[in-house]
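> Dropping the structure in here first, questions after.
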Amino acid sequence: MSNAPISDTFAQQLQQMRAELIAQIRAQRGGKVGRAEAALDPHEVQSGDWAQVDGERDLAQALDERETAALRAIDDALQRIADGRYGLCVDCGVEIPTARLHASPTTLRCIDCQTRYERAHPTATPSL
Ligand SMILES: [Zn+2]
4 MSNAPISDTF
14 AQQLQQMRAE
24 LIAQIRAQRG
34 GKVGRAEAAL
44 DPHEVQSGDW
54 AQVDGERDLA
64 QALDERETAA
74 LRAIDDALQR
84 IADGRYGLCV
94 DCGVEIPTAR
104 LHASPTTLRC
114 IDCQTRYERA
124 HPTATPSL
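When you line the sequence shown up against the numbering used here, it's residues 4 to 131, in that order.
The structure is reproduced here in C-alpha cells:
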C-alpha cells in the first residue's frame, strides 16, 4: 500500500483543520478541553482508532455532538489516508474528484452518492 503525494497534501490540510478546530473549541471553553486535547494526540491517530484511547469519555464530555462529529470526520479521513482508501467513495468506490476533496477534505462520497445519502439522512452530516 502506498500513499500518493496527493494524500500527503490532504493529510496536512486535515491535520491543520483538526488543530484549528481544537484551538477554536479551546478558545470557547477556556482550559476545559485540555484532557480531550491530550486524548486527541496525533500520534494516537496514527497508531489506531482514537475513539478507543482512554480519553474517549473525557472527550465526549468536553465536546458537544457537532464538535465530536467534526473531529471524528477529520480523524476518519486521516485513517482512510493511512489505509490508502482516501478519496474513494465509501458507497460506490469511485474516485472522488480532487476539486471536491479540496473543497471538503472530509467528504466520504462522490457527489451522486452524497446527494442520495443526504436525501435519506437530511440531518446526519455536519457541514464543516
Ligand atoms: Zn459514489
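Don't be surprised by glycine CBs; every beta carbon is placed ideally from N, CA and C.
All values reported here derive from a predicted model rather than from experimental measurement.
Is the closest heavy atom of ligand 1 to the C-beta of aspartate 67 under 6 Å?
no
> Indicate, with yes or no, if ligand 1 has a heavy atom lying under 6 Å from the CB of arginine 112.
Relative to ligand 1, arginine 112 has its C-beta within less than 6 Å of a heavy atom.
> Per DSSP, what kind of secondary structure is leucine 91 in: helix, strand or coil?
strand
> Pairs of beta-carbons, one from the stretch 83 to 98 and one from the stretch 65 to 72, closer than 8 Å: are there three or more?
Below 8 Å, too few C-beta pairs join the stretch 83 to 98 and the stretch 65 to 72 to call them touching: fewer than three.
> Our contact map puts glutamine 117 next to threonine 110 with C-beta atoms below 8 Å; I'd like the distance itself, whole angstroms only.
7 Å
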